[in-house]
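Numbered per the UniProt record's numbering, the first sequence finishes at 461, counting up by one with no gaps.
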Amino acid sequence: MNHFRRSTRFLNVYICSLCKSQQLEKAEAALIDGIRIGYLPDTTTYNTLIVGYASSVGFDAAYSILHRMREAGCRPDVVSYNSLISSAGRCALLSKSLELFEQMHQVGVNPDIWTYNTLMNLLFKYGKPEEANRVFCWILSNNVAPCATTYNTMINGLLKAGYASYALRFFRSTQRCFGFTGGIVTYNILINGLCELGRFGEVKRVLKELDELGTTPNVITYTTVMKCCFRHGKFQQGLEIFSDMKAKGFTFDAYAYCTVISPLIKMGMAKEANECMEQMLRTGIRFDLVSYNTKINLYCKLGNLEGAFRLIDEIEKSGTESDVYTHTTLVDALCKNGDIDKAQLHLKHMEMRGFKSNLVACNSLIHGLCQAGQVGNAMKVFKKMEMKDSFTYTSMVQGLCNAREFLTAYKLIRTCLREGMTLLASVRRAVIFGLRVSGYKRQARKLKSEIRMASVYRYEG
DNA sequence: TTAGGGTTAG
Numbered sequence: 001m002n003h004f005r006r007s008t009r010f011l012n013v014y015i016c017s018l019c020k021s022q023q024l025e026k027a028e029a030a031l032i033d034g035i036r037i038g039y040l041p042d043t044t045t046y047n048t049l050i051v052g053y054a055s056s057v058g059f060d061a062a063y064s065i066l067h068r069m070r071e072a073g074c075r076p077d078v079v080s081y082n083s084l085i086s087s088a089g090r091c092a093l094l095s096k097s098l099e100l101f102e103q104m105h106q107v108g109v110n111p112d113i114w115t116y117n118t119l120m121n122l123l124f125k126y127g128k129p130e131e132a133n134r135v136f137c138w139i140l141s142n143n144v145a146p147c148a149t150t151y152n153t154m155i156n157g158l159l160k161a162g163y164a165s166y167a168l169r170f171f172r173s174t175q176r177c178f179g180f181t182g183g184i185v186t187y188n189i190l191i192n193g194l195c196e197l198g199r200f201g202e203v204k205r206v207l208k209e210l211d212e213l214g215t216t217p218n219v220i221t222y223t224t225v226m227k228c229c230f231r232h233g234k235f236q237q238g239l240e241i242f243s244d245m246k247a248k249g250f251t252f253d254a255y256a257y258c259t260v261i262s263p264l265i266k267m268g269m270a271k272e273a274n275e276c277m278e279q280m281l282r283t284g285i286r287f288d289l290v291s292y293n294t295k296i297n298l299y300c301k302l303g304n305l306e307g308a309f310r311l312i313d314e315i316e317k318s319g320t321e322s323d324v325y326t327h328t329t330l331v332d333a334l335c336k337n338g339d340i341d342k343a344q345l346h347l348k349h350m351e352m353r354g355f356k357s358n359l360v361a362c363n364s365l366i367h368g369l370c371q372a373g374q375v376g377n378a379m380k381v382f383k384k385m386e387m388k389d390s391f392t393y394t395s396m397v398q399g400l401c402n403a404r405e406f407l408t409a410y411k412l413i414r415t416c417l418r419e420g421m422t423l424l425a426s427v428r429r430a431v432i433f434g435l436r437v438s439g440y441k442r443q444a445r446k447l448k449s450e451i452r453m454a455s456v457y458r459y460e461g
């Protein structure tokens, strides 16, 4: 008996390593070979396959393992259900996750703290913070012991839902009532959430608290603060953090590299970004989709569009699906290159592949059409767009000014202001100047005063 | 089997 148990354990370890490297066919073959020579698969074997199928194929494939498991006489346990609940959530199937939670009760499998943590996380992720909070209260009232992940999930979810003050109060109360001190993960969650909300004073206080606790910041802490600096225009400070990380000997992962490469591209420092990318390639890091998208963006900015398109094949060969970022980056590059026809063709290609029309791609197209002097065509795209933002209006108004259609630009800019959006100052000035020199002095005065009023309103708001 | 950082447009 012990012999079989030990052998099954070896079989499970082997199947697990195959699943992790996405070799599902080999994992299935190992299972068949194992049975043939008398190593009976157990619940852990099938749980391993659930995780393998969930990460490489998808929820349905993972769910089908549950039936195979029962047919083989193995009873699904809490790990089987937790893995499936999590997989359904990753595939945007929240109702399926909740269904599986119900099913657990019906078949007599008791949920554990992992089940509740996963559910809470999914409820926050899909915009249901009240329900996530109800799960937390349920945990407490039913004497299930929360763990660090439970508190961290609550803090993260509350911050992402915009309840920063409540998240901080929640953290303080877990410290007081449950003796939860919080570790580096908690502090990283707090720093990231507060950075996203622009509450830099509190970020500084949290960083100080981390230091006082004697906890060493890790690569995630640094990456988070660095991104925050770049996002708020503090490029020099961001680059200093990057140098500091190198000096301290941090091992850079794909997240850290992408965090620094993208702002370098944005700042027009393509040469430096390329050096950083080459460094990233030298480390042999496995490229995931975001890394590939960053590389595609870099190639586009270096003018290597052919190389950028070749990278799509590389992505697909690596077994990853390209996404809306991949294609939108290419549409923008084609527009900037003046290849408007190719950009429009690529947009059609995106639609055929099931990508919905997206704001960024339309904005790039409007900008490209205006730059190419096709203001009429740009206006057609503009009118068809269901959603517009300040980028849309800025490009369109700029295009109209270049075409000396100041009255139309005047009407658009007023709509934009009414909707509470801002335009680049240079574009606002161009419209006012254009109106004046074209003899529309009254409209120019009116617009100037409306712009002033809108800025006062925003300031007071 | 659960929680934290990275990608596109004016």
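Don't be surprised by glycine CBs; every beta carbon is placed ideally from N, CA and C. Bear in mind that the values here come from a model prediction, so they are computed numbers and not experimental data.
Can you list, in chain order, the residues of its chain with a C-beta nearer than 8 Å to that of residue 31? Leave out the 5 residues immediately preceding and following it.
For the purposes of this step, residue 31 is taken as the residue at position 31 of the first sequence. Here the set comprises 11, 15, 41, 45 and 49.
So, at 6 Å on beta carbons, what are the nonlocal neighbours of residue 282 in its own chain, with the 5 sequence-adjacent residues on each side left out?
Stepping through the first sequence from its first residue, residue 282 is reached at position 282. Answer for residue 282: no residue qualifies.
In terms of residues, what are the limits of the alpha helix (DSSP H) holding residue 230?
What you label residue 230 is simply residue 230 of the first sequence in a count that begins at 1. Segment 219–231, the alpha helix (DSSP H) holding residue 230.
Does DSSP put residue 28 in a helix, a strand or coil?
Locating residue 28 in the first sequence gives position 28, counting from the first residue. If DSSP states are grouped into helix, strand and coil, residue 28 belongs with the helices.
Tell me which same chain residues have a C-beta within less than 6 Å of the C-beta of residue 398, skipping the five on either side of it?
Here residue 398 corresponds to residue number 398 of the first sequence, with the count starting at 1. 427.
Select from 136, 126 and 78 the residue whose C-alpha is nearest the C-alpha of residue 110.
Within the first sequence, residue 110 is the residue found at index 110, counting from 1. Of the candidates 136, 126 and 78, the one whose C-alpha sits nearest the C-alpha of residue 110 is 78.
With a threshold of 6 Å on Cβ separation, who are the neighbours of residue 71 within its own chain once the five nearest residues in sequence on each side are excluded?
In the first sequence, counting from the first residue as 1, residue 71 sits at position 71. For residue 71, where only same-chain residues beyond five positions count, there are no Cβ hits under 6 Å.
Do residue 120 and residue 153 have their C-beta atoms within less than 8 Å of each other?
Numbered from its first residue, the first sequence carries residue 120 at position 120. Numbered from its first residue, the first sequence carries residue 153 at position 153. Contact: yes.
How far does the alpha helix (DSSP H) with residue 393 in it reach, from first residue to last?
One-based indexing of the first sequence puts residue 393 at position 393. Segment 390–402, the alpha helix (DSSP H) holding residue 393.
Applying the criterion that 16 or more other CB atoms from any shown protein chain within 10 Å of the CB defines a buried residue, is residue 181 buried or exposed?
In the first sequence, the residue the question calls residue 181 occupies position 181. Residue 181 is exposed by the Cβ-count criterion.
Run through DSSP, which three-state label would residue 353 get?
Position 353 of the first sequence holds residue 353. Coil.
Answer with buried or exposed for residue 313, where buried requires no fewer than 16 other C-beta atoms within 10 angstroms of its C-beta.
As a first step, residue 313 is located in the first sequence; it is residue number 313 there, counting from the start. Label assigned to residue 313: exposed.
Our contact map puts residue 226 next to residue 242 with C-beta atoms below 8 Å; I'd like the distance itself, whole angstroms only.
Start at 1 with the first residue of the first sequence, and residue 226 comes out as number 226. Start at 1 with the first residue of the first sequence, and residue 242 comes out as number 242. At roughly 6 Å, the Cβ-Cβ gap stays under 8 Å, so residue 226 and residue 242 are in contact.
Can you list, in chain order, the residues of its chain with a C-beta nearer than 7 Å to that of residue 26? Leave out the 5 residues immediately preceding and following it.
On the first sequence, residue 26 is found 26 positions in, with the first residue counted as 1. Here the set comprises 18.
Of all the options 55, 260 and 9, which has the alpha carbon lying nearest to the alpha carbon of residue 24?
What you label residue 24 is simply residue 24 of the first sequence in a count that begins at 1. It is 55.
Please go through the same chain and pick out, in chain order, the residues whose beta-carbon is closer than 8 Å to the beta-carbon of residue 410, but skip the five residues on each side of it.
Locating residue 410 in the first sequence gives position 410, counting from the first residue. Contacts found: 431, 435, 440, 443 and 447.
Cα-Cα, which of 292, 337, 298 and 133 is closest to residue 316?
Counting from one through the first sequence, the residue named residue 316 turns up at place 316. Per the Cα distances, 292.
Between the Cα of residue 387 and those of 361, 185 and 370, spot the shortest distance and give me the residue it belongs to.
The residue labelled residue 387 in the question sits at position 387 within the first sequence. Closest by alpha carbon: 361.
Identify, in the order they occur along the chain, each residue of the same chain with its Cβ nearer than 8 Å to the Cβ of residue 35, setting aside the five sequence neighbours on each side.
For the purposes of this step, residue 35 is taken as residue 35 along the first sequence, with counting starting at 1. These residues qualify, in order along the chain: 41.
Go through its chain and collect everything with a Cβ distance to residue 171's Cβ below 6 Å, but skip five positions before and after it.
In the first sequence, residue 171 corresponds to position 171, counting from 1. So the qualifying residues of the chain are 155.
Would you mind working out which of 201, 373 and 363 sits nearest residue 389, comparing C-alpha positions?
Indexing the first sequence from 1 puts residue 389 at position 389. The shortest C-alpha separation from residue 389 is found at 363.
Quick check on the burial criterion: 16 or more other C-beta atoms within 10 angstroms. Buried or exposed for residue 365?
Within the first sequence, numbered from 1, the residue matching residue 365 stands at position 365. Under this definition residue 365 is a buried residue.
To the nearest angstrom, report how far apart residue 99 and residue 132 are at their CA atoms.
Residue mapping note: residue 99 aligns to position 99 of the first sequence, counting from 1. Residue mapping note: residue 132 aligns to position 132 of the first sequence, counting from 1. Answer to the nearest angstrom: the Cα atoms are 16 Å apart.
Fully enclosed by the segment 112–152, which alpha helix (DSSP H) runs are 4 residues long or longer?
DSSP runs (the alpha helix (DSSP H)) wholly in the segment 112–152: 113–125 and 129–141.
Does the distance from the CB of residue 206 to the CB of residue 222 come in under 8 Å?
In the first sequence, residue 206 corresponds to position 206, counting from 1. In the first sequence, residue 222 corresponds to position 222, counting from 1. Their beta carbons are not under 8 Å apart, which means residue 206 does not touch residue 222 by this criterion.
Go through its chain and collect everything with a Cβ distance to residue 2's Cβ below 6 Å, but skip five positions before and after it.
What you label residue 2 is simply residue 2 of the first sequence in a count that begins at 1. For residue 2, the predicted model reports a pLDDT of 46, less than 50, meaning its position is unreliable and no value from the coordinates is stated.
Which ranges would you report for the alpha helix (DSSP H) in the UniProt repeat "PPR" (288–322) if only whole runs of at least 4 residues count?
Runs of the alpha helix (DSSP H) inside the UniProt repeat "PPR" (288–322): 289–301 and 305–317.
For residue 259, which three-state DSSP category applies?
Residue mapping note: residue 259 aligns to position 259 of the first sequence, counting from 1. Here residue 259 sits in helix by DSSP.
Just to confirm, is the Cβ distance from residue 219 to residue 253 under 8 Å?
In the first sequence, residue 219 corresponds to position 219, counting from 1. In the first sequence, residue 253 corresponds to position 253, counting from 1. Against a cut-off of 8 Å, the Cβ pair of residue 253 and residue 219 comes out as a contact.
Using CA atoms only, rank isn't needed, just tell me which of 351, 8 and 326 is closest to residue 37.
The sequence position of residue 37 within the first sequence is 37, counting from 1. Closest option to residue 37, Cα to Cα, is 8.
Just checking my contact of residue 340 with residue 368 at CB under 8 Å: how many whole Å lie between their CB atoms?
The residue you call residue 340 lines up with position 340 of the first sequence. The residue you call residue 368 lines up with position 368 of the first sequence. Contact flag correct, Cβ pair sits at about 5 Å.
Please go through the same chain and pick out, in chain order, the residues whose beta-carbon is closer than 7 Å to the beta-carbon of residue 259, but skip the five residues on each side of it.
Counted from its first residue, the first sequence places residue 259 at position 259. Closer than 7 Å at Cβ, skipping near neighbours: 223, 226 and 227.
Using CA atoms only, rank isn't needed, just tell me which of 239, 113 and 319 is closest to residue 142.
Here residue 142 is taken as the residue at index 142 of the first sequence, counted from 1. Nearest option by C-alpha distance: 113.
CA-CA distance, residue 261 and residue 144?
On the first sequence, residue 261 is found 261 positions in, with the first residue counted as 1. On the first sequence, residue 144 is found 144 positions in, with the first residue counted as 1. Straight-line Cα distance between these residues: approximately 44 Å.
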